[in-house]
Amino acid sequence: MRRFLMRHLISGEELDRGALEALLDRAVELKSARAAGIGHRSLQGRSVALVFERPSTRTRVSFEVGVAELGGTPIVLRGKEMQLSRGESPGDTARVLSRWVAAIAIRSGSDRVVEELAKNATVPVINALTPAHHPCQALADLMTLRERFGSLQGLRIVYVGDGNNVARSLVILGAMAGAEVVVASPVGYELNDDRAAAELSDPFKAAVGADCLYADVWVSMGDEETSEQRRRDLRPYQVNRELLAAASDRAVVLHCLPAHPGEEITAELLYGERSAVWDQAENRLHAQKALLELLCA
Ligand code: CP
Ligand code: NVA
150 MRRFLMRHLI SGEELDRGAL EALLDRAVEL KSARAAGIGH RSLQGRSVAL
200 VFERPSTRTR VSFEVGVAEL GGTPIVLRGK EMQLSRGESP GDTARVLSRW
250 VAAIAIRSGS DRVVEELAKN ATVPVINALT PAHHPCQALA DLMTLRERFG
300 SLQGLRIVYV GDGNNVARSL VILGAMAGAE VVVASPVGYE LNDDRAAAEL
350 SDPFKAAVGA DCLYADVWVS MGDEETSEQR RRDLRPYQVN RELLAAASDR
400 AVVLHCLPAH PGEEITAELL YGERSAVWDQ AENRLHAQKA LLELLCA
């Protein structure tokens, strides 16, 4: 992979188009090599801290497996078990972890915590989901779409639902890759991000010509208090058969997971033949291995 000077992955804006393309190329290489039983040991003898202040299935396991497959040792740290939860500053946490590990990935309920950690770490910091961003997810999303369509240039990706962390990262990295990312949300749930190709309130207008319809939960981590209202407001934004009929004939469906079939996506679409969701989940592993190589090599 071309050497690109990048310290952290916090919002995705640390990448540029060339580096993003190179990262996705490398992810594809690592995926093929793994299928052929060929390993790469770029983290041999090194450790990576994986800090989770919030629940995770995919991000945690794909990072843990990815670090191990690259020859490194993953160290999973739960927020509640760390002194962070008793008031130790993110800066001091970063200073000490940096003395031992090659990189720190962190999932936090606060973007400020991740920014403070990155400011004070002397090793790369990876955002493993915050309220505002989920860049690791977007890397796997783009890898999956590139696998399906060959190129991301001009692809119409339509995100339907809450203008949240997943939507923002898809817009930032999708636009960087040359895709047209459209977000369809109800009033009060808009992303309000200039990098979106368009923000519409009508999901059916947004879906016209879509190569991908993308769904995420209506109630993100931290939004639980308003869950009933959210479910009412977002109900017309379900990714379902009718919406898919408005999209391109070749359109696929993506969902970052975890899913609530019958809410933001129908079971028919999630498990159907137009779903690329399970490849998308698998690709978290390959994309994050490429990311770790880029940041730690
Ligand atoms: N998509 C995603 O980040 O899943 P987890 O919350 O299970 O990590
Ligand atoms: N938007 C969701 C994504 C979960 C992977 C959340 O933040 O909970």
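For what it's worth, the working numbering labels the leading residue of the sequence shown as 150, then goes sequentially.
C-beta: ideal position from N, C-alpha, C; glycine also.
In this structure R305 touches V331 by the C-beta definition: roughly 7 Å separates them, less than 8 Å.
In the same chain as A324, and ignoring 5 residues on each side of it, the C-beta atoms closer than 7 Å to its own belong to V330, R344, in chain order.
Note that the C-beta distance between V315 and C445 is not below 8 Å. If you check the C-beta of L278 against ligand 2, you find a heavy atom less than 7 Å away. L199 sits in a strand when the DSSP states are folded into three classes. Taking the Cα positions, G411 is about 47 Å away from R248. Here the distance from the Cβ of P284 to the nearest heavy atom of ligand 1 is not below 7 Å. Secondary-structure assignment with DSSP links L403 through a beta bridge to Y363.
Within the region 249-282, the beta strand (DSSP E) runs of at least 3 residues that lie entirely inside it are, in chain order, 252-256, 274-276.
A contact between stretches requires three or more CB pairs, one per stretch, nearer than 8 Å, and the region 284-293 meets this requirement with the region 426-440.
For A184, the enclosing alpha helix (DSSP H) covers residues 166-184.
The alpha carbon of A439 has as its nearest neighbour, out of E339, M370, V366, A176, the alpha carbon of A176. The bridge partners DSSP lists for A243 come to none. DSSP places E329 in the uninterrupted beta strand (DSSP E) bounded by 329-333. DSSP places A316 in no beta strand (DSSP E) but in the uninterrupted alpha helix (DSSP H) bounded by 314-325. Contact check for R209 against L199 passes: the beta carbons are separated by less than 8 Å. In this structure, DSSP gives S160 a state outside helix and strand, which the three-state scheme calls coil.
The C-beta separation of L164 from N276 comes to about 12 Å, leaving the pair out of contact by the 8 Å criterion. For the pair Y420 and G310, the CB atoms are not nearer than the 8 Å cut-off. A distance below 6 Å between beta-carbons, with the five flanking residues on each side excluded, links E374 to no residue of its chain. The Cβ atoms of S334 and S318 do not sit closer than 8 Å to each other. Separation of the CB atoms of R235 and M370 is rounded to 21 Å, and the pair is thereby denied contact status at 8 Å.
In the three-state reduction of the DSSP assignment, E348 falls in the strand class, which pools E and B. Under the three-state reduction of DSSP, Y386 is assigned to helix. If you draw a straight line from the Cα of E213 to the Cα of F201, it is about 12 Å long. Per DSSP, the beta bridge partners of V307 are V331, L362. Secondary structure at R190: coil, using DSSP grouped into helix, strand and coil. DSSP places V368 in the coil class of the three-state scheme, outside both helix and strand. Under the three-state reduction of DSSP output, R227 falls in the strand class.
R244 and L393 have their C-alpha atoms spaced approximately 49 Å apart. Residue pairing by DSSP places S397 in no beta bridge whatsoever.
Distances taken from the Cβ of S369 to the heavy atoms of ligand 2 include one shorter than 7 Å.
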